[in-house]
Amino acid sequence: MATTQSIKVTLQRDSLQTSWGFRLQGGTDFRTPFVVNKINPGSPADGNLQRGDVILIIDQIPVSSMLHNEALELIQRAGG
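With full-length UniProt numbering, letter number 13 in the sequence shown gets 13, and the count goes up by one each step, no holes.
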């Protein structure tokens, strides 16, 4: 039986032009939670996130009621 655990992960990048290096799927418009479905090797996400991780909060903002594009915009503006 699989167990779940919530942990806080903080990613850092050099500038807003640096990609976080992960692909996200889901959102209220798809009626699914936000899930990491790809990690780019050598990216800020590599070694910190895993495929299948569920994203609950981005930049201290809960995302459970967000549309996919809203979460993407939040990710793109974060950090740097």
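Just so it is clear, CB atoms sit at the ideal spot from N, CA and C, and this is done for glycine as well. Computed from a predicted model, the values in this text were never measured in an experiment.
Item to complete: List the whole-angstrom C-beta distance separating M66 from T10, where the pair is believed to meet the contact cut-off of C-beta under 8 Å.
Response: The sequence position of residue 66 within the sequence shown is 66, counting from 1. The sequence position of residue 10 within the sequence shown is 10, counting from 1. Contact between M66 and T10 is absent: CB atoms are separated by about 20 Å, not below the 8 Å threshold.
Item to complete: Kindly list the residues whose CB is nearer than 8 Å to the CB of R51, restricted to its own chain and excluding five residues on each side of it in sequence; keep chain order.
Response: Along the sequence shown, read from residue 1 onward, the residue named residue 51 stands at position 51. Excluding sequence neighbours, R51 sits near V36, N37, K38, I39.
Discussion item. I need the straight-line Cα distance from A71 to A45, nearest angstrom please.
Written reply: Residue 71 sits at position 71 when you count from the first residue of the sequence shown. Residue 45 sits at position 45 when you count from the first residue of the sequence shown. The straight-line gap from Cα to Cα measures roughly 16 Å.
Discussion item. Taking the alpha carbon of K8 as the reference point, which residue from H68, Q76, D59 has its own alpha carbon closest?
Written reply: As a first step, residue 8 is located in the sequence shown; it is residue number 8 there, counting from the start. Closest in C-alpha terms to K8, from the list H68, Q76, D59, comes D59.
Fill in: Residues near F30 in its chain [Cβ-Cβ closer than 7 Å; skip 5 each side]
As a working mapping, residue 30 is identified with position 30 in the sequence shown. Beyond the five residues adjoining it in sequence on each side, F30 comes within less than 7 Å, by CB distance, of H68 in the same chain, given in chain order.
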